[in-house]
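Structure record follows, encoded as C-alpha cells.
Protein chains: 2
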Amino acid sequence: MHTSNTPAFSLLVPPDAAALKQVQKQISAWVHTTPVMTSEQINARVGQKIWFKCENLQKIGAFKYRGASAALSLISGEDLQRGVTTHSSGNHAQALAKAARERGIPAWIVMPENAPAVKMAAVKGYGAEIITCEATQAAREATLLEVQSRTGAVFIHPYNDYRVIAGQATAALEFLEHAPPLDSLLAPVGGGGLLSGTALACHYFSPQTRVIGCEPAGADDAFRSFQLKTRLPSESPHTMADGLLTGLGELTFEIILKYVSEIATVSEAAIVEAMHLIWERMKLVVEPSGAVPLAALLEKRIADPGEHIGIILSGGNVDLGHLPWNR
Amino acid sequence: MHTSNTPAFSLLVPPDAAALKQVQKQISAWVHTTPVMTSEQINARVGQKIWFKCENLQKIGAFKYRGASAALSLISGEDLQRGVTTHSSGNHAQALAKAARERGIPAWIVMPENAPAVKMAAVKGYGAEIITCEATQAAREATLLEVQSRTGAVFIHPYNDYRVIAGQATAALEFLEHAPPLDSLLAPVGGGGLLSGTALACHYFSPQTRVIGCEPAGADDAFRSFQLKTRLPSESPHTMADGLLTGLGELTFEIILKYVSEIATVSEAAIVEAMHLIWERMKLVVEPSGAVPLAALLEKRIADPGEHIGIILSGGNVDLGHLPWNR
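Chains as they are written, first to last, in the numbering used here: chain A, 64 to 390; chain B, 64 to 390.
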C-alpha cells in the first residue's frame with residue numbers, strides 16, 4: 064500500500080513531469096551533478112555554440128548511474144533488501160553494481176562468458192556477484208530467470224524500464240537548468256534509455272528544444288526504425304561505439320517516436336575526429352559513443368540544429384591502451 | 064603617475080595579500096574558474112582524501128593562462144598597445160599569445176627552430192607572430208632583445224616575474240575558496256611560478272596548509288637547490304614531464320625557500336601510473352607534469368601530507384598519439 068505523500072511511480076505508463084522531478088529529487092544525494100562545459104575552439108570549428116553535459120564525469124563514468132539509482136530509489140524497502148539483478152556487459156552492469164553497494168544490498172550481474180575481463184573486474188570491484196552464461200540471448204534470459212527465482216532479486220533492465228528512463232532523464236533536467244535555452248539537444252542512441260529520457264525532459268520542461276538522436280551509420284537500427292515507424296532489431300552492428308550496439312526497447316521506442324525530432328547517423332571517421340577533438344580541446348576522456356553527437360555536427364548530418372546546441376557526453380569508459388587514433 | 068584607488072603592483076617585491084586579491088579580481092573576467100574534483104577510487108588507492116584543482120580545464124589547457132593574464136592586466140594601457148613578447152616553446156607561449164589576442168594587442172614569441180611543429184602551429188593559431196632562433200640560450204636572449212628594441216613590446220618572462228607569480232597564485236586562491244581546509248597543497252615545480260604563487264597564497268590565506276613541491280627525480284634541480292639553499296641550474300634533465308625541465312628563477316626560488324615546506328621527487332614509472340589513474344578514474348586528460356603530485360602520494364614520497372590534500376592538476380596539453388602507456 065502506498066501511504067506517503069509522494070505520488071506513486073507507475074511502471075506502466077511513461078513518467079510525467081511530476082514523476083521526473085520526483086526522481087531527480089530522490090536521486091540527488093546519490094548522483095553527481097555533472098558540470099556543463101564549453102569550448103571556444105570546438106564552437107569555431109562547427110560554427111555553432113555548443114554546451115556539453117559531462118556525464119563522463121558521473122559516477123562509474125557514465126549516465127547509466129542515474130538510471131540504476133532511480134530504479135533503486137523506486138523499489139520498496141522490503142523488495143530492495145533481496146537485492147537486484149540484470150544482464151549487461153556494459154556500463155549498466157557497473158552502474159547497478161555500484162548503486163547496490165552504496166545502499167548495502169546485493170547485486171547479481173549476468174554476463175556472457177566472453178565478456179572482456181576488464182569489464183568483469185570492474186563489476187567485481189563494485190562488489191557484485193557475476194554469473195556467467197553462454198553468449199546467446201536465450202542463455203542470458205534463462206540465467207537471469209534462474210537468478211531471480213533463486214534470490215528474489217528485482218530485475219532492472221538496462222533501458223526498457225520507466226524507472227531507468229526517468230533516471231536517465233535527470234541528465235537533461237540538470238542540463239536545462241544549467242545551460243541557456245537550447246534550440247536542440249543531441250544524445251546518442253543505443254537501447255534508447257538516454258534518448259527517451261532526454262525527449263521526455265524536453266517535452267515537459269523545454270518544448271521548444273528539438274531532441275535529436277545520434278547513431279553510428281554501422282548500427283543504424285534506431286534510424287531505420289524511426290523512418291519506418293516500426294521497431295527493428297539491431298542486426299550485425301559494426302561500430303567502435305560499443306555502447307550503441309543494442310536495439311531499441313518497446314518502451315523507449317514508443318517515447319522516441321512521439322517526442323524525438325530526428326535521428327542522424329554518422330561515419331566511424333567522424334566519431335574518431337569528434338572524440339579526438341573533445342580529448343584535445345576539452346581535456347575530457349569520452350568514449351566513442353559519447354562523441355557521436357559532435358560527430359553528427361562535424362559531418363553536418365542534422366538539417367537544422369539551430370544556434371544553441373546541447374550535447375550529452377554520455378560516458379568516458381574506454382580502453383586507454385587501444386585508442387582509435389593509434390590503430 | 065598612479066592615480067586610481069587600487070594599490071600599485073610592485074615589480075620589485077613579492078606580491079602581498081592585497082596584491083594577490085587585486086590580481087585575482089582583475090583577471091576574473093579573463094580566466095576560467097576551474098572546477099575542483101574528487102575521486103573515491105583514487106582516495107581509496109592512496110588512503111587519503113584528495114581534492115584536485117583542474118587547471119587542465121583552464122584556457123589553453125594549463126594554469127599558465129593565469130600568469131599571462133595577470134601580467135597583461137598589470138601593464139599600463141599605452142605600453143600594452145605596443146604588444147608583448149616572450150621566449151618559450153611551451154604552455155606559456157600559447158598562454159601569452161591567446162591572452163594578447165583576447166585584448167587585441169600583438170604578441171611576438173621567440174621559439175627555438177627545433178620546437179615541435181605542433182607547438183608552433185598552436186601559437187600561430189592564437190594569432191601570435193613566431194620568431195625562430197637557434198636552440199641556444201644566447202640566441203634566445205639576443206633574438207628577444209632584437210624583438211623588444213624593434214617593436215617596443217613588453218617582455219613577460221614565463222615565471223621569473225612577480226606579475227606572473229601573482230597570476231599563478233590565483234589557482235590556489237580559488238582552490239582554498241572551493242575546497243575544505245587542506246593539510247597540504249601539492250604542486251609540480253619547474254621554473255617555480257606555480258609553486259611560488261601557491262606558497263604565497265597559502266602563506267597569506269591558509270597558513271596551516273603545508274605547501275609541497277613535486278618534481279621528477281630525473282629533473283631534480285629544485286629538490287637539490289632546496290636542500291642546499293642555493294639555486295642550481297637544471298642540467299641535462301631527463302623526464303617525460305616536459306613542463307618541468309626548466310630551472311628555478313631567482314624570484315621564484317626566494318619565495319620557495321621561504322614558504323615551501325618540502326620538495327618531493329618521483330620516478331617516471333610513478334608519473335605514468337598517476338597519469339593513467341587520473342585519465343581512467345577521473346576521465347580527465349592531464350599531461351605528465353600535472354600527474355607528478357599524485358605520483359608523489361603513490362610512491363609515499365611525502366613525509367606527512369596529512370589527511371586532506373590538495374593537488375593542482377597543472378595542465379592537459381599532451382600528444383594524444385604518443386601516450387606513455389603505449390610506448
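Using N, Cα and C, we set each Cβ at its ideal position, and we do this for glycine too.
What in chain A is Cβ-close to residue 389 of chain B, meaning under 7 Å?
Neighbours of residue 389 of chain B in chain A, taken as residues at a C-beta separation under 7 Å, are given in chain order as 384, 389.
Which residues, taken in chain order from the segment 334-366 of chain B, show a beta carbon closer than 7 Å to some beta carbon of chain A?
Shown in chain order are the members of the segment 334-366 of chain B whose Cβ falls below 7 Å from a Cβ of chain A: 339, 342, 343, 346, 347, 348.
Examine chain A for any beta-carbon lying closer than 9 Å to the beta-carbon of residue 75 of chain B, and answer yes or no.
Taking Cβ atoms only, chain A never reaches closer than 9 Å to residue 75 of chain B, which makes this a no.
Listed by chain order, chain E residues near residue 379 of chain B by CB distance under 8 Å
Absence of chain E from the displayed structure is noted, the protein chains being A and B.
Locate the alpha helix (DSSP H) running through residue 205 of chain A, then write down its first and last residues.
Run containing residue 205 of chain A: 200-214, per the alpha helix (DSSP H) assignment.
Taking 9 Å as the CB-CB limit, is residue 98 of chain A close to chain B?
When Cβ-Cβ separations below 9 Å define contact, residue 98 of chain A makes contact with chain B.
Would you call the segment 225-245 of chain A and the segment 290-304 of chain A in contact, with 3 or more CB pairs under 8 Å?
In this structure the segment 225-245 of chain A does not lie against the segment 290-304 of chain A, because fewer than three pairs of beta carbons, one per stretch, are closer than 8 Å.
Against chain B, which members of the segment 101-128 of chain A pass a CB distance test of less than 7 Å?
For the segment 101-128 of chain A, which is checked against every Cβ of chain B, the residues closer than 7 Å are 119, 120, 124.
Whole beta strand (DSSP E) runs in the segment 259-294 of chain A with 3 or more residues, listed along the chain?
With a minimum length of 3 residues, the continuous beta strand (DSSP E) runs that stay inside the segment 259-294 of chain A are 273-279.
For the alpha helix (DSSP H) containing residue 159 of chain B, name the first residue and the last one.
154-166 is the span of the alpha helix (DSSP H), which, as asked, contains residue 159 of chain B.
By the DSSP assignment, the beta strand (DSSP E) with residue 373 of chain A in it spans what residues?
Taken as a continuous stretch (DSSP letters only), the beta strand (DSSP E) holding residue 373 of chain A covers 371-376.
Mind the definition here: the segment 256-266 of chain B touches the segment 309-326 of chain B only if three or more C-beta pairs lie below 8 Å; say whether that holds.
Short answer: they touch.
Need the endpoints of the alpha helix (DSSP H) that residue 315 of chain B sits in, please.
Residues 313-322.
Taking C-alpha atoms, which residue in A/148, A/288, A/162 lies nearest to residue 125 of chain A?
Of the residues A/148, A/288, A/162, the one whose Cα lies closest to the Cα of residue 125 of chain A is A/162.
What residue range is occupied by the uninterrupted alpha helix (DSSP H) comprising residue 237 of chain A?
From DSSP, the alpha helix (DSSP H) with residue 237 of chain A extends over 225-241.
Name, in chain order, the residues that DSSP records as bridge partners for residue 174 of chain B.
In DSSP, residue 174 of chain B forms a bridge with B/195.
Given this structure, state the Cα-to-Cα distance separating residue 256 of chain A from residue 91 of chain B, to the nearest angstrom.
Between the alpha carbons of residue 256 of chain A and residue 91 of chain B lies a distance of about 40 Å.
Just reading off the beta strand (DSSP E) that residue 116 of chain A is part of, what are its end residues?
Its beta strand (DSSP E) spans residues 112-117.
How about residue 279 of chain B and residue 331 of chain B: are their beta carbons less than 9 Å apart?
Yes, the Cβ-Cβ distance between residue 279 of chain B and residue 331 of chain B is below 9 Å.
Between the segment 179-194 of chain B and the segment 98-117 of chain B, are three or more C-beta pairs nearer than 8 Å?
The segment 179-194 of chain B is not in contact with the segment 98-117 of chain B.
Secondary structure at residue 362 of chain A, three-state DSSP: helix, strand or coil?
It is coil, neither helix nor strand.
Quick one: Cα of residue 275 of chain B to Cα of residue 354 of chain B, how far?
A direct Cα-Cα distance of roughly 14 Å separates residue 275 of chain B from residue 354 of chain B.
For residue 387 of chain B, three-class secondary structure by DSSP:
Here residue 387 of chain B sits in helix by DSSP.
Between residue 106 of chain B and residue 192 of chain A, what straight-line distance do the alpha-carbon atoms span, to the nearest angstrom?
Distance between the alpha carbons of residue 106 of chain B and residue 192 of chain A: 24 Å.
Our contact map puts residue 80 of chain A next to residue 267 of chain A with C-beta atoms below 8 Å; I'd like the distance itself, whole angstroms only.
Between residue 80 of chain A and residue 267 of chain A, the beta carbon gap of about 4 Å places them in contact (Cβ cut-off 8 Å).
Determine whether the beta carbon atoms of residue 341 of chain B and residue 234 of chain B lie at a separation below 9 Å.
Contact flag unset, no.
Helix, strand or coil for residue 303 of chain A per DSSP?
Of the three classes helix, strand and coil, the one that applies to residue 303 of chain A here is coil, per DSSP.
Taking C-alpha atoms, which residue in A/247, A/199, A/236, A/155 lies nearest to residue 372 of chain A?
Of the candidates A/247, A/199, A/236, A/155, the one whose C-alpha sits nearest the C-alpha of residue 372 of chain A is A/247.
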